[in-house]
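Quick note, the numbering used here runs 219 ahead of the 1-based positions in the sequence shown.
Comments concern the structure below.
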Amino acid sequence: MKTSNKKVNEKIILLSIIGSLDAIKEEAVSIDEIEKFLFSPHIYHKLKQKGYSGDILQIIEEGCELEDIFSLLPDKFDGVIDNMRRKSLLLLKNYEEYNHFFWLDE
């Protein structure tokens, strides 16, 4: 995969992480459902295999623990979500603006 495509994909993943965290916090989707899309060991290993950013992998790994945090430390849950979201936004700021018309056509 070309580096430029990987950077676009990483940006899309970060946008997905931020949206997923917002959706979980607002109870629009369950943690269980988001695990099928994003926060799972399977996704983590696929992204790691393909050489995606270690910082993104760390956030995905943290997302894999959300169900445990929700059930064992519910008073910490919102703070964990907010922290993951903040880290994702900081990472997102490091990516160049996407100037092509349609990312899906690449």
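Quick reminder that beta carbons are idealized off the backbone N, C-alpha and C, glycines included.
What you are looking at is a predicted structure, and each value in this text was computed from that prediction instead of being measured.
Give the single residue among ASP287, LYS265, ILE275, PHE289 whose Cα lies nearest to the Cα of ILE236.
For ILE236, the closest alpha carbon among the candidates ASP287, LYS265, ILE275, PHE289 is that of ILE275.
Spatial neighbours of SER307 within its chain, please: C-beta separation below 7 Å, excluding the five flanking residues on both sides.
LEU233, ILE236, ILE237, ILE278
Can you tell me whether DSSP reads GLU229 as helix, strand or coil?
Reduced to three states, the DSSP call for GLU229 is helix.
Look at the alpha carbon of GLU315 and the alpha carbon of ASN224, and state the distance between them as a whole number of angstroms.
12 Å
Secondary structure at HIS264, three-state DSSP: helix, strand or coil?
helix
Contact check, ILE253 vs ILE262, beta carbons under 8 Å:
no
Verify the contact flag: LYS306, CB atom, against every heavy atom of the ligand GTP, threshold strictly below 7 Å.
Questions concerning the ligand GTP fall outside what the structure shown contains, since it holds no ligand whatsoever.
Out of CYS283, TYR271, LYS226, VAL227, which one is the CA nearest neighbour of ASP251?
CYS283
The alpha helix (DSSP H) with GLU252 in it runs from where to where?
250-256
Since GLY270 is in the alpha helix (DSSP H), which residue starts that stretch and which ends it?
The continuous stretches of alpha helix (DSSP H) do not include GLY270, and DSSP gives it neither H nor E.
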